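Student:
Numbering (my numbering), first residue to last: 2 to 918.
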């Protein structure tokens, strides 16, 4: 630690500063920083927040590395510019220090040239692009830069770094469609039984997730962990079931079979199925809902009156099973109408029962390598804990009490199979009335639906009794044939919608792929004129890192906001040192319901108050954004965007107006003082207007958030809406329309993705799909690659943005698997490999190498590499000698699902290297 305090002399002055840690999506955690003689010396929990924070004010391990992060000797301390026009891994950038004026003028010159040439290029793609990492968390540190980007106009944010397509992608999209669930979690405080398919909450859930699950296990909750390797979460669970990679669909389908074919119907929540799902909707011969010809409302068959009635008929007793003779119409793609008289039809539930008839535990056992008896036992235990028929009081409202839940981790809910898994995970709680009710399976937040302030406000009645969803249009008149950004997300993926988050959730690997190959009848994707990069390192964190690096090297002008040098900013033209976590000023929304296990009884705002002086010439992000706006000629539009809340808080509202003069630049503190006043007014209905000084004294300000709003069920019942389960008629129609539009443009390379648009998904052999794609593309004998390589999250490392912090590595080294390849002992013995040997892990694309760690807690056909490493430019991290799977995973259309995602999964072989001990 710098200064005399570290040498043992008593500090002349001491104080604490309130701030937050939001380095990953499991935050924010509220904390305090101890300052001695103007030097940050310690991070502590903010116990002033003990009664409002779900983890009692505690913080996770990543926060404790912030002091070292601020003072790292490897920081970029001045703006720098590149002097070597050649770019690439083996090119010396020749960075030299320049002034802020020179740096900002250089960037502004490029921005003004891009605007003068037209905001979009000849193909219609934005000339300015931006990439941010950390699952959206960088906005908690980039001040008013979002307002700058909003003021600029079209910005291409589809050059991904791993968030989205490598995240829990299918959950994001299907979760928001079915129950406003960008992420999904158990109602842990009330849950009794959790089946976790690879949800590594003890590593990815942050301090809130860890505490909530620890408290639940302490009171008796059982968690069954189903995954190919024994994660830290599996180690803290009641049971670990080692399933074969990418076969979770079979296990889940077998669970549905057990519930529908091995138990009496009375064990299910029949009122829930009849009144809150699409189970009673009649299905026509073409696979679409049978509808009333006049009103076009879907029909049910009322057992009481013995006739068909619309889905919203009051006091009906709809049939779930049976065959009924009915008149009606079906509405297919492009409003194509099929008229029927006296046809035999059955409810959606009956179709579901038939669909899963052959998906028995015995069938699944042969696929996922889990005994049929285990699948059946786990399902029956789940059912026994469901408490079907019971209720619980939540803030004076009686709600169904169903303390069972299913959660997913990465690779289960992204890429091929993600649709089937997410459908099954949503359907199973519907069968038991356990979706969006106390104790059950809950969504946490929305990012695609609007408004996004809370899930209840995003619920709007849509067609057919379901929630409205902002699909990208697929009609002849509305389909967007010319992609607005290089990933083609609005053209190819209806589900990804058009919110501020949609670009990051599109098929971002297509943007990278198109830098070296064109897709037939798709606009050529040239590099952006200007590319901004912050808190992300795609040259390390994305798939096929060599290919990504080559693409980045071809970008004409790259601006990186830099803490230290890294592999991506090695190719930058300008480096700008921004204030780090403990140096910048910002106000952040907290509370309500957020990602992972962030369920609060409060909502409000927390201040990130500078705890240390900026190191070197680092500047606050808000100052940087303001200067870029001023110098590039968009100051008025930028200030207007700030006034509208482009930085997180709208400055005007009912009974208050703290808007800024749009004609002049404003200081950092002036902007955030107005923001603090607006925040105070917002949560007090205009009664208070305390500003920055108040927040600096108190750290945060909150008001109550009703626990009732954790649950979607009461809001749906209030509006007379249903969950869109089990039958996906809307997706079936949308998929047919999308196929027509693409074929009208001569686009056939997305045909495999169109196959996924099924009303009830069927099982497909995902392992064979992966193996066939790899064998076909690389022309290899896939039997030469006998292992599945998977990865896992690290609690210690916040993806890559704290990879250069020594404290973090010291802690991570105490967790088995970091920096090595985890392999099954028996499998290694057959190959003559011993613990600590150095091995090469090679996929058909590339290879990595590292020390092997032998364990029994991993399947013999599986290898594990934790985290994202193999750095070659990042100081300190480049000396880790740690393997990474990212370089081994190809970007292939054949491995891309209908939502545009793939998975961290690849087949590999292992070779013991010579000289290994």
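Ideal Cβ positions, reconstructed from N, Cα and C, are used throughout, including at glycine.
Bear in mind that the values here come from a model prediction, so they are computed numbers and not experimental data.
#1: For the segment 98–117 and the segment 502–521, state whether three or more C-beta atom pairs, one from each stretch, are separated by less than 8 Å.
#2: Out of 797, 73 and 58, point me to the one whose CA is closest to residue 41's CA.
#3: In this structure, what does DSSP give as the bridge partners for residue 340?
#4: Give the DSSP-derived three-state secondary structure of residue 461 in the structure shown.
#5: At which residues does the beta strand (DSSP E) containing residue 841 begin and terminate?
#6: Pull up the distance between the alpha-carbon of residue 2 and that of residue 658, whole angstroms please.
#7: Can you list the alpha helix (DSSP H) stretches of 4 or more residues lying completely in the segment 727–813, in chain order?
#8: Thinking just about the alpha-carbon of each residue, which of 465, 251 and 194 is nearest to the one in residue 382?
#9: Thinking C-alpha only, which one of 140, 471, 273 and 176 is nearest residue 25?
#10: Taking the beta carbon of residue 586 as the centre, do at least 16 other beta carbons fall within 10 Å, making it buried, or is it exposed?
#11: With residue 162 and residue 134 assumed to form a contact (beta carbons below 8 Å), what rounded beta-carbon distance in angstroms separates them?
#12: Identify the residues that DSSP records as bridge partners of residue 579: which are they?
#13: Can you give the beta carbon distance from residue 166 to residue 130, rounded, assuming they're within the 8 Å contact cut?
#14: Excluding the 5 residues flanking residue 902 on each side, which residues of the same chain have their C-beta closer than 6 Å to its C-beta?
#15: Start and end of the beta strand (DSSP E) containing residue 363?
#16: Can we say the segment 247–255 touches the segment 310–322, given the rule of at least three CB pairs closer than 8 Å?
#17: Once DSSP output is grouped into helix, strand and coil, what is the label at residue 904?
#18: So, under 8 Å CB-CB, residue 642 and residue 152 are touching, yes? Tell me the CB distance rounded to an integer number of Å.
#19: Just to confirm before moving on: does the CB-CB distance between residue 787 and residue 428 stay below 7 Å?
#20: Within the same chain, show all residues whose beta-carbon is closer than 6 Å to that of residue 904, passing over the 5 residues directly before and after it, in chain order.
#21: If residue 597 and residue 407 are in contact, beta carbons under 8 Å, what's the gap, nearest whole angstrom?
#22: Less than 7 Å between C-beta atoms, sequence neighbours within five positions excluded: which residues of the same chain meet that for residue 805?
#23: Identify every residue that forms a DSSP beta bridge with residue 821.
#24: Give me whichever residues DSSP pairs with residue 544 in a beta bridge.
#25: Measuring CA to CA, which of 182, 231 and 179 is closest to residue 203?
#26: Please report the straight-line C-alpha distance between residue 489 and residue 473, rounded to a whole angstrom.
#27: Residue 854 to residue 215, Cα distance in whole Å?
#28: Shorter than 7 Å from the beta carbon of residue 412 to some beta carbon of chain E?
#29: Quick test of your reading: residue 186 and residue 234, contact by CB under 8 Å. State the CB separation rounded to the nearest angstrom.
#30: Considering just the uninterrupted stretch of the alpha helix (DSSP H) at residue 672, what are its terminal residues?
#31: Would you give the residue range spanned by the alpha helix (DSSP H) that residue 277 belongs to?
#32: Just verifying my parser: in three-state terms, what is the DSSP assignment at residue 139?
#33: Hey, residue 264 and residue 357: beta-carbon distance below 7 Å or not?
#34: Provide the residue span of the alpha helix (DSSP H) that contains residue 385, from first to last.
#35: Nearest to residue 262 by CA position, among 355, 841, 95 and 425, is which residue?
#36: Can you name, in chain order, every residue of its own chain whose Cβ lies under 6 Å from the Cβ of residue 362, other than the five neighbours on each side?
Tutor: Let me lay it out:
#1: no
#2: 73
#3: 330
#4: coil
#5: 839–843
#6: Annotation note: pLDDT 43 at residue 2 (below 50); position unreliable, coordinate value reported separately. Near 45 Å, if we compare the C-alpha coordinates of residue 658 and residue 2.
#7: 730–745, 752–755, 767–779 and 807–813
#8: 194
#9: 140
#10: buried
#11: 5 Å
#12: 620
#13: The Cβ separation is near 17 Å, so there is no contact.
#14: 166, 170, 415 and 416
#15: Where residue 363 is concerned, there is no enclosing beta strand (DSSP E), although the alpha helix (DSSP H) it sits in stretches over 362–369.
#16: no
#17: coil
#18: 4 Å
#19: no
#20: 412, 415 and 416
#21: 15 Å between Cβ atoms; not a contact.
#22: 73, 75, 565, 875, 876, 877 and 878
#23: 852
#24: Answer is none; residue 544 lacks a bridge partner.
#25: 231
#26: 11 Å
#27: 28 Å
#28: Judged by its chain identifiers, the structure shown contains no chain E, having just a single protein chain.
#29: About 13 Å; that fails the 8 Å criterion.
#30: 669–684
#31: 271–277
#32: helix
#33: no
#34: 373–385
#35: 355
#36: 255, 373, 376 and 377
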